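Structure first, commentary second.
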Amino acid sequence: MGWIRLLIRLTGFLVFLAGTCALAITLKLVDLFRRQPVDRSPWAAFCFRRACQCLGFRIRVHGQPAEAHALYVANHISWSDIPILGCITPLRFLSKAEVGNWPIIGWLARQAGTLFIQRGSGQARRIKTEISRCLNAGESVLVFPEGTTSSGLAVLPIHGFLLASARDANTPIQPITIGYRRAHRPDPIAPFIGDDSFHAHLIRLLRQPPTQVDVVIHPTIDPACPESSNALTALIHQQISAGLKHIHAGEFEATPTGLRTTGAPGLPRLP
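Residue numbers (full-length UniProt numbering): 1 to 271.
See the structure below:
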């Protein structure tokens with residue numbers, strides 16, 4: 001059964017990639033014809049939704065994104081976090097530079113306006129400036145402040161340097177928790193960690209039954225309120241960790257898939 005599921009889903013995913021590439025090329029041609037860039041936000045959201053369908057993700061969203069733009073900060077479990085969060089609200093992503101080198105996927109990520117950072121290369125200050133520029137232009141940006149992916153069982157320590165871009169741009173910060181569950185337990189297949197390769201991880205995802213994904217969108221934080229960057233990172237870590245705890249406690253199991261609730265029941269709210 002797993003191989004049949006893999007064949008069907010892989011075919012659908014390849015068709016999706018071909019269609020997305022055709023769309024990206026078409027938009028580039030329209031840019032040249034109009035001599036100004038086309039807004040890719042609605043097209044990106046459409047493609048992200050189709051990607052999640054191909055990958056078998058059943059998504060539940062708890063809470064509401066900021067009405068205006070924001071700096072979103074989320075825990076990081078897999079490359080699949082990006083299409084999942086991208087189909088919820090328009091935003092730009094900060095991703096590791098290696099993703100930009102992936103065949104097809106990397107090119108599509110560039111077309112979607114992804115910001116790439118080479119870890120350990122001293123680019124953090126340049127990226128911080130670029131994030132501030134995007135926020136000042138009214139665009140939302142998502143960063144994964146853990147700096148790497150995790151098993152999804154706990155939130156890793158948060159690095160606060162890039163969070164200063166929200167303070168520089170006077171833009172609220174909105175923490176997000178993402179959690180994957182399978183058979184009422186944390187999903188052991190979803191995490192993309194260690195030396196795992198993209199294609200091997202993709203095949204494992206496509207072979208398995210659908211995965212339940214819960215996304216908890218926490219209240220916004222005024223970046224100027226905490227007295228220090230350490231207090232800000234601690235507050236964000238607390239919120240994301242609380243969301244993950246509630247997800248893995250199964251407290252959202254009764255929520256229908258696809259429903260966007262107005263709050264996250266039982267979660268402590270920020271003042």
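We treat Cβ as the ideally placed atom computed from N, Cα and C, and that holds for glycine.
This structure is a prediction, so every number in the text was calculated from the model and none was measured.
| Item | Value |
| --- | --- |
| Starting from the Cα of Glu253, find the closest Cα among Arg9, Ile189, Phe198, Arg181 and give me that residue. | Arg181 |
| Compute the Euclidean distance between the alpha carbons of Cys21 and Ala44, then round it to the nearest angstrom. | 12 angstroms |
| How many Å lie between Ser228 and Leu94 at the Cα? | 24 angstroms |
| Out of Ser140, Ile59, Ser241, which one is the CA nearest neighbour of His218? | Ser241 |
| Return the first residue and the last residue of the beta strand (DSSP E) that Arg40 is part of. | Here Arg40 belongs to no beta strand (DSSP E), and DSSP marks it neither H nor E. |
| When you compare only the Cα positions, how much space is there between Cys47 and Ser197? | 23 angstroms |
| When DSSP labels each residue in this structure, what does residue 286 get in the three-state scheme? | As displayed, the chain neither begins before 1 nor continues past 271, which places residue 286 out of reach and without an answer. |
| Hey, how far is the Cα of Asp31 from the Cα of Phe57? | 32 angstroms |
| Between the stretch 70 to 84 and the stretch 166 to 186, do at least 3 Cβ pairs fall closer than 8 angstroms? | yes |
| Measuring only the C-alpha atoms, how far is Thr114 from Arg133? | 14 angstroms |
| Find out if the Cβ-Cβ distance for the pair Pro226, Ala166 is shorter than 7 angstroms. | no |
| Which of the three DSSP states, helix, strand or coil, is assigned to Ala74? | strand |
| Buried or exposed for Leu7, going by 16 or more other Cβ atoms inside 10 Å? | exposed |
| Which residues mark the beginning and the end of the alpha helix (DSSP H) in which Ser241 is found? | 229 to 248 |
| Let me make sure I understand the geometry here. Which of Ile158, Cys87, Phe13, Val141 has the alpha-carbon closest to that of His235? | For the record, residue 235 in the displayed sequence is Leu; it is not His. The shortest C-alpha separation from Leu235 is found at Ile158. |
| Determine the closest residue to Leu91 out of Pro103, Gln174, Leu244, with distance taken between C-alpha atoms. | Gln174 |
| Report all residues from its chain with a CB closer than 6 angstroms to the CB of Ser151; omit the five preceding and five following residues, and keep chain order. | Pro191 |
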